[in-house]
Amino acid sequence: GEDVEQSLFLSVREGDSSVINCTYTDSSSTYLYWYKQEPGAGLQLLTYIFSNMDMKQDQRLTVLLNKKDKHLSLRIADTQTGDSAIYFCAGISGGYNKLIFGAGTRLAVHP
Amino acid sequence: NAGVTQTPKFQVLKTGQSMTLQCAQDMNHEYMSWYRQDPGMGLRLIHYSVGAGITDQGEVPNGYNVSRSTTEDFPLRLLSAAPSQTSVYFCASHTAGHQETQYFGPGTRLLVL
Chain A
1 GEDVEQSLFL SVREGDSSVI NCTYTDSSST YLYWYKQEPG AGLQLLTYIF SNMDMKQDQR
61 LTVLLNKKDK HLSLRIADTQ TGDSAIYFCA GISGGYNKLI FGAGTRLAVH P
Chain B
112 NAGVTQTPKF QVLKTGQSMT LQCAQDMNHE YMSWYRQDPG MGLRLIHYSV GAGITDQGEV
172 PNGYNVSRST TEDFPLRLLS AAPSQTSVYF CASHTAGHQE TQYFGPGTRL LVL
C-alpha cells in the first residue's frame with residue numbers, strides 16, 4: 001500500500017519562498033494532493049497533480065513531481081503570514097477513494 | 112450548498128460510553144469517508160462508503176461502526192469508547208470520477224476520559 005512521508009516543520013521569513021517536500025511509495029497513485037489545514041479547521045484541498053504531469057503551477061503555488069524518485073514538492077512563492085498552517089501531502093492507495101496522508105508539515109511564517 | 116457538515120463539534124465521553132458522530136453532505140456525492148487525525152500521524156481512514164447501502168473498512172476500523180442508509184448521511188458509531196479513540200474526526204465526500212477533490216467537514220473533537 002501507499003506510504004507517504006514528509007518533514008514535520010518548516011520556518012520561513014515572510015516574503016521568501018517555502019518548499020515543502022514529500023516522498024511516496026506507490027507509483028500507481030493516480031493523483032497526488034496537497035491539503036492545507038489552518039488551526040481548528042478542517043482540511044482544504046490546495047492543489048493536486050495528475051501522475052503523468054511533472055509540474056503544475058497555480059498562482060503562487062508550484063507543484064513538482066519527480067516520478068523516478070517518487071518525490072513531490074510544493075513551492076509557495078512570496079510566503080505570507082496567512083500561509084501559516086499544516087500542509088498535508090496525500091496519495092491514493094489501492095481502492096478508489098482511499099487517501100493516504102503524510103503526517104503533515106507545519107509551516108511557520110515569521111516577519 | 113452547506114457542503115459537508117459534522118455534529119457535534121466537541122464531545123467528552125467516559126470510557127465505555129457510546130455515541131454517534133453525525134456527517135451529512137448536500138452535494139449528492141456517492142463517496143463518503145471517515146478519518147481520524149492524531150498528532151504526528153496525519154489522517155487515517157476509518158471506514159468509507161461508495162454509495163447508499165455499501166460500506167467498507169479503512170486502515171483503522173476497530174471500535175467503530177458505520178451505516179449508509181441514504182446518500183446524504185454517513186454516521187460513525189463508537190460502541191464502547193476508549194481513551195485511544197481520543198482524536199479529531201473528519202468526514203469527507205466526493206463524487207465518482209472526481210477523486211481529485213474531496214470535501215472535508217470541519218471536524219469533531221472527541222475526548223475520552
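Sequences listed follow chains A and B, in order.
Terminal number for the first sequence in the working numbering: 111, no gaps in between.
Terminal number for the second sequence in the working numbering: 224, no gaps in between.
For every residue, glycine included, the Cβ atom is placed at its ideal position computed from N, Cα and C.
Just how far apart, CA to CA, sit B/GLN136 and A/VAL19? 34 Å
Roughly how many angstroms separate the alpha carbons of A/ASP58 and A/LEU65, rounded to a whole number? 14 Å
Range covered by the beta strand (DSSP E) that runs through A/GLY91: 85-92
Bridge partners of A/MET55, per DSSP? A/LEU64
A/GLY102 and B/GLY153 - do their beta-carbons sit closer together than 8 Å? yes
Hey, A/LYS56 and A/SER27: beta-carbon distance below 8 Å or not? no
Strictly by DSSP, which residues pair up with B/PHE185? Answer is none; B/PHE185 lacks a bridge partner.
Pick out whichever of B/LEU224, B/TYR214, B/VAL223 has its Cα sitting closest to the Cα of B/GLU141. B/TYR214
Just reading off the beta strand (DSSP E) that B/ARG179 is part of, what are its end residues? It is not in any beta strand (DSSP E) - B/ARG179 carries neither H nor E in the DSSP assignment.
So, helix, strand or coil for A/GLY82, using DSSP? helix
Between B/MET152 and chain A, is there a C-beta pair that is closer than 8 Å? yes
Would you say A/ALA108 lies against chain B (beta-carbon separation less than 8 Å)? no
Using 8 Å as the threshold, is the region 75-86 of chain A in touch with the region 124-139 of chain B, meaning 3 or more CB pairs across them? no
Leaving aside the five residues before and after B/LEU186 along the sequence, list all residues of the same chain whose C-beta is less than 8 Å from its C-beta, in chain order. According to the sequence displayed, residue 186 of chain B carries Pro and not Leu. Cβ neighbours of B/PRO186 beyond the five flanking positions: THR131, LEU132, GLN133, CYS134, VAL177, SER178.
Three-state secondary structure (DSSP) of B/GLN196: helix
Residues of chain B with CB under 8 Å from A/VAL88, in chain order? This sequence places Phe at residue 88 of chain A; Val is not what is there. Here the neighbours are GLY153, LEU154.
Taking 8 Å as the CB-CB limit, is A/SER101 close to chain B? With the sequence shown as reference, residue 101 of chain A is identified as Phe, and Ser is not the correct amino acid for it. Yes, because at least one Cβ of chain B sits closer than 8 Å to the Cβ of A/PHE101.
With a threshold of 8 Å between beta carbons, is A/ALA41 in contact with chain B? yes
Along the beta strand (DSSP E) that carries B/GLY162, what are the first and last residues, could you check? 154-162
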